[in-house]
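Each residue of the sequence shown is one higher than the one before, counting from 107 in my numbering.
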Amino acid sequence: MRRLMRRLGLRYGAADSVVGPGGGWTFLEVNPCGQWDWIQGATGLPIAEAIADDLQGAT
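Below is the structure:
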């Protein structure tokens, strides 16, 4: 995934995968503007702030 992200020039991406009946993972796609806001609302984690910090180069 990291290699794909570098090749696509993405700093953020939401990857979609499925797990088959045998437990194997299959990669479907990576969305450069994937939907993650629902996770922040459900967990209370500061996801938007973390993404903004990363995009701004904060550590």
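Glycine residues also receive a C-beta, built at the ideal position from the N, C-alpha and C atoms. Everything numeric in this text was worked out from a predicted model, so none of it was measured.
1) Grouping DSSP H, G and I as helix and E and B as strand, with all else coil, what is Ala164?
2) Run through the DSSP bridge pairs and tell me what Ala120 is partnered with.
3) First and last residue of the alpha helix (DSSP H) that includes Gly147?
4) Where Ile157 and Tyr118 are concerned, what is the direct C-alpha to C-alpha distance, given to the nearest angstrom?
In terms of the structure at hand:
1) Within the sequence shown, numbered from 1, the residue matching residue 164 stands at position 58. Reduced to three states, the DSSP call for Ala164 is coil.
2) Position 14 of the sequence shown holds residue 120. Bridge partners of Ala120: Asn137.
3) The residue labelled residue 147 in the question sits at position 41 within the sequence shown. Its alpha helix (DSSP H) spans residues 143-149.
4) Residue mapping note: residue 157 aligns to position 51 of the sequence shown, counting from 1. Residue mapping note: residue 118 aligns to position 12 of the sequence shown, counting from 1. Cα to Cα, Ile157 sits roughly 8 Å from Tyr118.
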